[in-house]
Amino acid sequence: MEQAIHLAYALDTFYFLISGALVMWMAAGFSMLEAGLVRAKNTAEILTKNVSLFAVACVMYMLVGYNIMYPAEAVNSWWPGISFLLGADNTVEEVLASGGDTYYSGMSDFFFQVVFVATAMSIVSGAVAERMKLWAFLAFAVVLTGFIYPIQGYWKWGGGFLDGLGFSDFAGSGVVHMCGGAAALAGVLLLGARKGKYGPKGEINPIPGANMPLATLGTFILWLGWFGFNGGSELKISDIDEANAVALVFVNTNMSAAGGVIAAMITAKLLFGKADLTMALNGALAGLVAITAEPLTPTPLLATVIGGLGGILVVFSIPCLRLCCPTVMRRSAVS
Amino acid sequence: MEQAIHLAYALDTFYFLISGALVMWMAAGFSMLEAGLVRAKNTAEILTKNVSLFAVACVMYMLVGYNIMYPAEAVNSWWPGISFLLGADNTVEEVLASGGDTYYSGMSDFFFQVVFVATAMSIVSGAVAERMKLWAFLAFAVVLTGFIYPIQGYWKWGGGFLDGLGFSDFAGSGVVHMCGGAAALAGVLLLGARKGKYGPKGEINPIPGANMPLATLGTFILWLGWFGFNGGSELKISDIDEANAVALVFVNTNMSAAGGVIAAMITAKLLFGKADLTMALNGALAGLVAITAEPLTPTPLLATVIGGLGGILVVFSIPCLRLCCPTVMRRSAVS
Amino acid sequence: MEQAIHLAYALDTFYFLISGALVMWMAAGFSMLEAGLVRAKNTAEILTKNVSLFAVACVMYMLVGYNIMYPAEAVNSWWPGISFLLGADNTVEEVLASGGDTYYSGMSDFFFQVVFVATAMSIVSGAVAERMKLWAFLAFAVVLTGFIYPIQGYWKWGGGFLDGLGFSDFAGSGVVHMCGGAAALAGVLLLGARKGKYGPKGEINPIPGANMPLATLGTFILWLGWFGFNGGSELKISDIDEANAVALVFVNTNMSAAGGVIAAMITAKLLFGKADLTMALNGALAGLVAITAEPLTPTPLLATVIGGLGGILVVFSIPCLRLCCPTVMRRSAVS
Chain D
523 MEQAIHLAYA
533 LDTFYFLISG
543 ALVMWMAAGF
553 SMLEAGLVRA
563 KNTAEILTKN
573 VSLFAVACVM
583 YMLVGYNIMY
593 PAEAVNSWWP
603 GISFLLGADN
613 TVEEVLASGG
623 DTYYSGMSDF
633 FFQVVFVATA
643 MSIVSGAVAE
653 RMKLWAFLAF
663 AVVLTGFIYP
673 IQGYWKWGGG
683 FLDGLGFSDF
693 AGSGVVHMCG
703 GAAALAGVLL
713 LGARKGKYGP
723 KGEINPIPGA
733 NMPLATLGTF
743 ILWLGWFGFN
753 GGSELKISDI
763 DEANAVALVF
773 VNTNMSAAGG
783 VIAAMITAKL
793 LFGKADLTMA
803 LNGALAGLVA
813 ITAEPLTPTP
823 LLATVIGGLG
833 GILVVFSIPC
843 LRLCCPTVMR
853 RSAVS
Chain E
523 MEQAIHLAYA
533 LDTFYFLISG
543 ALVMWMAAGF
553 SMLEAGLVRA
563 KNTAEILTKN
573 VSLFAVACVM
583 YMLVGYNIMY
593 PAEAVNSWWP
603 GISFLLGADN
613 TVEEVLASGG
623 DTYYSGMSDF
633 FFQVVFVATA
643 MSIVSGAVAE
653 RMKLWAFLAF
663 AVVLTGFIYP
673 IQGYWKWGGG
683 FLDGLGFSDF
693 AGSGVVHMCG
703 GAAALAGVLL
713 LGARKGKYGP
723 KGEINPIPGA
733 NMPLATLGTF
743 ILWLGWFGFN
753 GGSELKISDI
763 DEANAVALVF
773 VNTNMSAAGG
783 VIAAMITAKL
793 LFGKADLTMA
803 LNGALAGLVA
813 ITAEPLTPTP
823 LLATVIGGLG
833 GILVVFSIPC
843 LRLCCPTVMR
853 RSAVS
Chain G
523 MEQAIHLAYA
533 LDTFYFLISG
543 ALVMWMAAGF
553 SMLEAGLVRA
563 KNTAEILTKN
573 VSLFAVACVM
583 YMLVGYNIMY
593 PAEAVNSWWP
603 GISFLLGADN
613 TVEEVLASGG
623 DTYYSGMSDF
633 FFQVVFVATA
643 MSIVSGAVAE
653 RMKLWAFLAF
663 AVVLTGFIYP
673 IQGYWKWGGG
683 FLDGLGFSDF
693 AGSGVVHMCG
703 GAAALAGVLL
713 LGARKGKYGP
723 KGEINPIPGA
733 NMPLATLGTF
743 ILWLGWFGFN
753 GGSELKISDI
763 DEANAVALVF
773 VNTNMSAAGG
783 VIAAMITAKL
793 LFGKADLTMA
803 LNGALAGLVA
813 ITAEPLTPTP
823 LLATVIGGLG
833 GILVVFSIPC
843 LRLCCPTVMR
853 RSAVS
């Protein structure tokens, strides 16, 4: 019995750490994706942002964010407690006394959480690419990763009001992607379009990605990392039911991405007469985001359909954006 | 006892999922390898093929292929059964009643199998690079991943006639690589050489890879992914003997790749007076393919030799191809 | 009891193998980092070196090095014993009789050790990039990986005199990085500066990296691989205390890298007026190296500070090198 608790704790902690490492790897995915899609002259800048935002996210979330988001995790709090920064973790006695209810290392939880914050900030970096200065961007990273993300994360995952209302968010479609996306939208509205995107008469100049192999590599990295992102969000793997759940999450995550690619390519072919690489990559990412709110409930077939809807949506979103917000999007051309 | 079955099931499932994720990562490896070796103008096309073939493979194998290849996996079949697409998996009662004979999630098995199919199709995409249209290629992907691969896979892994005859294929030198290779050869014979490969008088124009860092990255990704490909094919890790077996497979896979690199470089140096990067990369891949039929039986020393033979063979295969099939290879120049 | 020993052995072996695979992946990281930082004309050469040094390291360490470094590991020795090359490993009886003291596969230990050797040699390849011929470099790789590394590694990890004196080196700041760094320094002193680095009057010509996305990718790969490098060096994960330790090592490794990035960027901004991508990348690597000697003792906060000191040091080391060793560094220009 006691040995089984030891082993389960070790297995769940290991599973958490590997999942976290896969999510950390998504930082490389965002970097390559964004570096591949900007103009060559802006490559170094977007890379600098991605490396440094990850570092800022780690430090700010350790110092402030984690404690705001999970006030109940006494063992890991330092504010007002200081145990976390002293490296304290569950003791053997505590774990055994819990009878297995405490089933992974508190440090591994912090590790898994801290890489999620960086993901949210990476979404912002992609959106404001080519139009925001480095230090201003990093200042915003301090605010988002230290305060904005943790506060809205607390609403759901920390036991706040959204959680009380029964809001469901398995792996962070809302907490991570919508948080990052909303911040990104705010940034884009403030900053206006990229210089050169719109001509003096409002005509649209496409800005093709400068390095498509990098963008493709970035997408594959994100696809791989998403197994950790969604798979790790089950939080436990050490019994038969939990292992089945994690396996279903892996399968659904993969099928949703695949459905997104196929749907985006067919939609683009029907709509524009051809399907290009950018559509395939956007389709994969749309499928992955689409399944992230609930990758455990659907069957693999349904997950493919959910991903496919994401893939269709992403293709339509391009002409829609042009129709709906022409003034906003052309602002840089006007000003 | 019961707890030990739970833990073993969880560990084997986790090991299967991580192995599968490493094999999924090979899709990125093939993409980078192939994108690095084609001419710059064809980069986007080969990337599009690689992303979309992976998606097609996942969907076709889920809908049709898995059921053709493993008809006995009742829990995962939907055709005639529908349990798999409904997300059904082994119940706790079934696993405990089996006394540990059912030792991993059925979903994790599907995940591990589905990424293998994509690998076979990736081999085709590399071979027909620069000479096949996107949608024709994807139509063939539908047929190969939905029908051809599963039928010949059934012969061995599904319990078909090859298995009955005692045919041995640990991780898929035959089922995966030979299947993909045979389809690739058929495609190449039909399509002829790449335009520009042979001049009007039959002279050979080398087509150097346009982006060697990408090709190198792709090879390293494949090398890493191969630990999942071969290591996961042991199917179980949860006792001392199985853990030793998986460890030996990791070591042998690594040593065979290393032997392939060294042998290819020395052979090229002796044969052509110099060893270049392409030879080193081909040597690694040849070593990895060479050990895949049986990475568990040989000692590490013998595995190095097996990989080395693969590395020698790959260097000799280039002049051999030129001598043996000049007509075939020059067809595009003639037509 | 017996089942628990089986499971713990399997879990520890799996953890060791996954850690080793992450360290193997660092070979790709060094390749991309070095390929990104050299001039475009030298890319293929540095890539060839990185692929082939990995292969040489694996074969030499298997044949000679492992036996020099760990003479006590009878089960894995072949010289004078031959059991290792015959693929022998711990038997079930031996493991059970040990009562769990033998807790992972001997083969998995070899796998984890062999990828470390390649890491040390990769450090050399980066330092002598653009100034050493391929076959001379590989000849040195034979000597370093077969003899130099194992002999000094024995001093500490094999139970030699440094270990007897109480020297502490958790994951190889000394055994791996200092060994590689010392060899690299010797090489650089012998070879002199890169051609073109110094003008005829001693003026310094900066040699910017030719491909910064590759260098960034390489840094992220190294960051990811370092979780295996440091995390695996705890050697065991299968009980509560060990799982907590591995989790702390993951967190500290990550925080130290993050601290390095931030400190390097701020230092560069204060010192040179701007922070560029190279500084951020160097900061991350400096933070990672800084924590590797002892990633288990410090708290996460202290680990951030340790990494930060590394990040400051790396920025100052550039002008220091120019002040302290101008003669050495300019030798190529003089000769």
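Residue numbers (our numbering), protein chains in the order written: chain D, 523 to 857; chain E, 523 to 857; chain G, 523 to 857. Just so it is clear, CB atoms sit at the ideal spot from N, CA and C, and this is done for glycine as well.
Residue i: contacting residues in chain G (beta-carbon distance under 8 Å)
i	result
Ser760 (chain E)	His528, Leu529 and Ala532
For residue j and residue i, believed in contact at Cβ under 8 Å, the rounded distance
i	j	result
Val587 (chain E)	Pro672 (chain E)	With the sequence shown as reference, residue 587 (chain E) is identified as Gly, and Val is not the correct amino acid for it. Contact flag correct, Cβ pair sits at about 4 Å.
Val581 (chain E)	Thr826 (chain D)	6 Å
His528 (chain D)	Asp761 (chain G)	4 Å
Leu744 (chain D)	Leu807 (chain D)	7 Å
Thr814 (chain G)	Gly681 (chain G)	Actually they are not in contact, since the Cβ atoms of Thr814 (chain G) and Gly681 (chain G) sit about 21 Å apart, beyond 8 Å.
Phe683 (chain G)	Trp677 (chain G)	6 Å
Where residue i meets chain G, residues with beta-carbon distance less than 7 Å
i	result
Leu746 (chain E)	Ala543, Met546 and Trp547
Val614 (chain D)	Ile762 and Asp763
Gly609 (chain D)	Leu770, Thr821 and Pro822
Val773 (chain E)	Met629, Phe632 and Phe633
Boundaries of the alpha helix (DSSP H) in which residue i is found, first to last residue
i	result
Asn589 (chain G)	Tyr588 to Met591
Asn564 (chain D)	Neither: Asn564 (chain D) is in no alpha helix (DSSP H) and is coded neither H nor E.
Asp685 (chain D)	Phe683 to Gly686
Trp547 (chain G)	Glu524 to Leu559
Glu615 (chain D)	Val614 to Ala619
Proximal chain D residues relative to residue i, where beta-carbon distance stays under 7 Å
i	result
Ala566 (chain G)	Ordered by position in chain D, no residue passes the 7 Å Cβ test against Ala566 (chain G), which lies about 17 Å from the chain.
Thr738 (chain G)	Ser553, Leu569 and Val573
Phe742 (chain G)	Ala549, Ala550 and Ser553
Ile540 (chain G)	Ile540
Met787 (chain G)	Ser574
Cross-chain neighbours of residue i in chain E, by beta carbon under 9 Å
i	result
Ile828 (chain G)	Per Cβ cutoff of 9 Å: no residues; Ile828 (chain G) is ~29 Å from chain E at best.
Val578 (chain G)	Ala780, Val783 and Ile784
Amino acids of chain D, ordered along the chain, whose beta-carbon sits closer than 9 Å to that of residue i
i	result
Asn733 (chain E)	Pro735
Met584 (chain E)	Val773, Met777, Ala780, Pro822, Leu823 and Thr826
Chain E contact residues for residue i, given Cβ-Cβ distances below 7 Å
i	result
Ala802 (chain D)	Thr570, Val573 and Ser574
Partners in chain D for residue i, counting only beta-carbon separations shorter than 8 Å
i	result
Tyr537 (chain G)	Phe536
Val581 (chain E)	Met777, Ala780, Gly781, Ile784 and Thr826
Ala661 (chain E)	Here the premise fails: no neighbours, minimum Cβ distance about 13 Å.
Residue i: contacting residues in chain E (beta-carbon distance under 8 Å)
i	result
Ala658 (chain G)	Residues of chain E passing the Cβ test: none, with the nearest at roughly 14 Å.
| request: Could I get the ranges of all uninterrupted alpha helix (DSSP H) runs contained in the stretch 633–676 of chain D, with 4 residues as the minimum, in chain order? | output: 656–665
| query | Can you list, in chain order, the stretches of the alpha helix (DSSP H) that have 4 or more residues and sit fully within the stretch 692–754 of chain E? | reply | 701–713 and 734–753
| Completely contained beta strand (DSSP E) runs for the stretch 795–820 of chain E, where each covers 3 or more residues | none
| field | Interface residues of the stretch 696–716 of chain G facing chain E [CB-CB below 9 Å] | value | none
| task | Quick one: which residues of the stretch 616–630 of chain E get their C-beta closer than 7 Å to a C-beta of chain D? List them in chain order. | result | Val617, Ser627, Met629 and Ser630
| task | Could you run through the stretch 673–698 of chain E and flag, in chain order, every residue whose CB is less than 9 Å away from some CB of chain G? | result | none
| Residues in the stretch 638–652 of chain D with C-beta within 7 Å of chain E's C-beta atoms, listed in sequence order? | none
| query | What residues in the stretch 791–817 of chain E bring their beta carbon closer than 9 Å to a beta carbon of chain D? | reply | none
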